[in-house]
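Engineer:
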Amino acid sequence: MRQPFVAGNWKMNGSRASARKLIDGIKQGIDSVATAEVAVCPSFVYLADVQAMLSDTRIALGAQNFSDQKPGAFTGEIAGDMLKDFDCKYVIIGHSERRALYGETDELVASKFITALEYGLRPIFCLGELLEERQQDQTESVIARQLDAILALPGGVEGLSKAVIAYEPVWAIGTGMTATPDQAQSVHAFIRERIAEKDANVAAGVQILYGGSVKPDNAVELFSQNDIDGGLIGGASLDAGSFLTICRAAGA
Ligand code: 13P
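Quick note, my numbering runs 1 ahead of the 1-based positions in the sequence shown.
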């Protein structure tokens, strides 16, 4: 039985004050979420504040990105052990915004995957197709290519047992255009089957989240699909009430 999981990806939003207010609100309502694991991924500069506020809660902390390199002369980068210093349990890697806007390749994402595991961070590995790719019937080949970058690594399949996967169709991110539950389920099942070709146990155990315009009013239907184990939430994670409603939809 896979534990439902909901993570909030705050992206580059908010202020120190609004981050504190948001955490206060989530903390106040967290007891209404019975079974789902809940995590928040604030901006780097708010990690210390959020860590301190979460210390007496069951809400986990994650970062939105990090460097695949070990500490050294990498101006502006953040190393895995720095994230561990702030009790980060998770780190998002391969988000489509990083792939599209910052040129992150499958190869770099794979390198981050390995580095995250070396530091004992659980990668939230994102993958997803563009609208043109879906329209040209290339969804599965794109997902396969992105997933194979991890599966081809030495220890890659075993690594997935310590990771979380997030399927985020790029056309659904921040657009209000959610994948239908059937569309999402079909890709989630494809991902699980492809992992099962290498290791059936890992495939059965890995949590696969859906991300892309998850809102309080569509979360229940999405999360009721067999292979959807929760969500990676952008916009709706910036409001405590909406985020908690989505968390309850995954496991009240
Ligand atoms: P939205 O929920 O705002 O569509 O963002 C999804 C996402 O990119 C989460 O990582």
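The beta carbon of each residue, even a glycine, is placed where N, CA and C say it ideally should be.
1. For the putative contact between residue 68 and residue 80, defined by C-beta atoms under 8 Å, what is the C-beta separation to the nearest angstrom?
2. My parser needs the alpha helix (DSSP H) runs of 4 or more residues fully inside the stretch 206-239; what are they?
3. Say yes only if the C-beta of residue 242 is nearer than 6 Å to one or more non-hydrogen atoms of the ligand 13P, and no if none qualify.
4. Helix, strand or coil: how does DSSP classify residue 38 here?
5. Do residue 234 and residue 247 come within 7 Å of each other at the CB atom, strictly closer than that value?
6. Please indicate yes or no: does the CB of residue 161 lie closer than 6 Å to some heavy atom of the ligand 13P?
7. Could you check whether the stretch 71-85 touches the stretch 20-38, counting it as contact only if at least three pairs of C-beta atoms, one from each stretch, sit closer than 8 Å?
8. What alpha helix (DSSP H) runs, 4 residues minimum, are completely inside the stretch 41-112?
9. For a test of your reading of the model: does the CB of residue 233 fall under 6 Å from any non-hydrogen atom of the ligand 13P? Yes or no.
10. Kindly examine the ligand 13P and report whether one of its heavy atoms sits closer than 6 Å to the Cβ of residue 213.
11. With 16 other CB atoms within 10 Å as the buried threshold, where does residue 162 fall?
12. Is there at least one non-hydrogen atom of the ligand 13P closer than 6 Å to the beta-carbon of residue 174?
13. Among 240, 158, 149, 209, which one has its Cα closest to the Cα of residue 202?
14. Using a Cβ distance threshold of 8 Å, determine whether the stretch 173-189 contacts the stretch 102-120, with at least three qualifying pairs required.
15. Give a yes or no on whether the C-beta atoms belonging to residue 125 and residue 167 are separated by under 7 Å.
16. Check whether the Cβ atoms of residue 86 and residue 52 lie closer than 7 Å to each other.
17. Taking 7 Å as the threshold (C-beta atoms), are residue 251 and residue 41 in contact?
18. Less than 6 Å between the CB of residue 10 and some heavy atom of the ligand 13P, yes or no?
19. Could you check whether the Cβ of residue 156 sits closer than 6 Å to any heavy atom belonging to the ligand 13P?
20. Exposed or buried, what is residue 13 when buried is set at 16 or more other beta-carbons lying within 10 Å of its beta-carbon?
21. If you draw a straight line from the C-alpha of residue 58 to the C-alpha of residue 28, how long is it?
22. Quick one: grab the DSSP three-state call for residue 125.
23. Using only CA atoms, which one of 200, 199, 204 lies nearest to residue 193?
Structural biologist: According to the data block:
1. 6 Å
2. 220-224
3. no
4. strand
5. yes
6. no
7. no
8. 48-55, 81-86, 97-102
9. yes
10. yes
11. exposed
12. yes
13. 158
14. no
15. yes
16. no
17. no
18. yes
19. no
20. exposed
21. 7 Å
22. strand
23. 204
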